[in-house]
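*Asks:*
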Amino acid sequence: MPELPEVETVVTGLNKLVVGKIIDHVDFDWPKSFPNSDEEIRSYLVGSEIVNVKRRAKVIIMELSSKYSLVAHLKMTGQFVFRGRTNWGAGHPNDSLVSKLPDKSTRVTFTFSDNSKLFFNDQRKFGWIRLLPTSEVANIDFIKKLGPEPLSSDFTHNEFRKQLQKRPNTNIKAALLDQSVIAGIGNIYADESLWGARIHPQSVVKSLTTAQTNKLHNEIVEVLKLSIEKGGSTDRNYVDAEGKKGSYLKFANVFRRENQECPRCGATIVKIRVAGRGTHVCPMCQRIKK
DNA sequence: CACTTGACCTGTCCGC
DNA sequence: TGCGGACAGGTCAAGT
């Protein structure tokens, strides 16, 4: 599922819904989803308050009053959905993929002291939650290696070119999906930003001109901002912390639009395979550059 | 080393 | 309908 805009939307929702809640207990049936020991849970989770929720790349970090944090990755199908007194039973039936919880994809359930609940659902079981000291979050290997946040002021045209030099001989799509080059982009926003910049996903990174990477930089920022504004993309599973879908895909130009007309030139959009991923491209206005 | 290809899982869709 | 295979928004580990 979720790329930067979806995770950002979930984090915004969690800040509104669960900050200030005290964790009473936690239930889980798939240990890989939440592998901490009973001892750690008893000592650092139960009885602690959620004080803040933030995002780095696609990782969600919930800081607790115990000086520990719940760190989570939604991978392809993970969801955090809150249910409490104000929204029992999903207040938006036509806009939601989940009405009754827990359901068979529920892996972890946090119950708060006021009896409201936060469900971690994950159909494919790739996602995970870890409880660890807040001071160690920055030292997680994956987080240490992450490239710049595309919506931060550090992400300049020059910085983007510098980061791309880490992967000079691969294609630009693989480079965009590499979280150590740039943090938070996944399959949808890679395709959309490459279409916006008129760059073919199979173009070799070192062949791109400065004008092209500058344009791509601008497209990445615009596409991500627009998606956050639309509450992210719901392709199949994604919902926000209230269980609602995102509407960005209505505005997408190529993603999942194979066999439709390119909105820019009218040619037929094709779906190919690049970097092992389904990739949507307009063969007319996105040219391969070797 | 740099880069590409499976594996991790469940569910759905499509062709025979 | 049934069944096999491909595919799905991400990241690792193991290959070349």
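Heads up: the first sequence is residues 0 to 289, going by numbering that gives the first Met the number 0.
Glycine included, every Cβ here is placed at the ideal spot set by N, Cα and C.
Only a predicted model underlies this, so the values are computations on that prediction, with no experimental measurement involved.
Who are the near neighbours of K116 in its chain, counting only those whose CB is closer than 8 Å to its CB and skipping five residues on each side?
*Replies:* Counting only Cβ-Cβ distances below 8 Å, and skipping sequence neighbours, we find F81, R82, G83, L100, T108, F109, T110.
*Asks:* What residues in its chain sit with their C-beta under 7 Å from that of Q211, if we drop five residues either side in the sequence?
*Replies:* The answer, listed in chain order, is A196, I198.
*Asks:* Measuring only the C-alpha atoms, how far is H156 from V280?
*Replies:* The alpha-carbon atoms of H156 and V280 are separated by roughly 24 Å.
*Asks:* Where does H236 fall in DSSP's three states?
*Replies:* The sequence shown places Asn at residue 236, not His. Coil at N236, not helix or strand.
*Asks:* Between the C-alpha atoms of K270 and Y188, what's the straight-line distance to the nearest angstrom?
*Replies:* K270 and Y188: Cα-Cα distance of roughly 15 Å.
*Asks:* Compute the beta-carbon to beta-carbon distance between F119 and G77, rounded to the nearest angstrom, for a pair I have assumed lies under 8 Å.
*Replies:* Indeed, because the Cβ distance is near 7 Å, the residues count as touching under 8 Å.
*Asks:* In whole angstroms, what is the alpha-carbon distance linking F154 and N236?
*Replies:* The alpha-carbon atoms of F154 and N236 are separated by roughly 30 Å.
*Asks:* Work out the CA separation of I60 and V70 for me, nearest whole Å.
*Replies:* Using only the alpha carbons, I get a separation of about 5 Å.
*Asks:* Please report the straight-line C-alpha distance between L96 and F250, rounded to a whole angstrom.
*Replies:* Rounded to whole angstroms, L96 to F250 spans 20 Å at the Cα level.
*Asks:* Since K172 contacts V273 with CB under 8 Å, what's their CB separation in whole angstroms?
*Replies:* Confirmed, about 5 Å.
*Asks:* Is it true that the CB of P149 sits closer than 8 Å to the CB of G183?
*Replies:* A contact, by the Cβ cut-off of 8 Å.
*Asks:* Secondary structure at R256, three-state DSSP: helix, strand or coil?
*Replies:* Note: R256 maps to coil in three-state DSSP.
*Asks:* Just verifying my parser: in three-state terms, what is the DSSP assignment at E241?
*Replies:* In this structure, E241 counts as coil in the three-state DSSP scheme.
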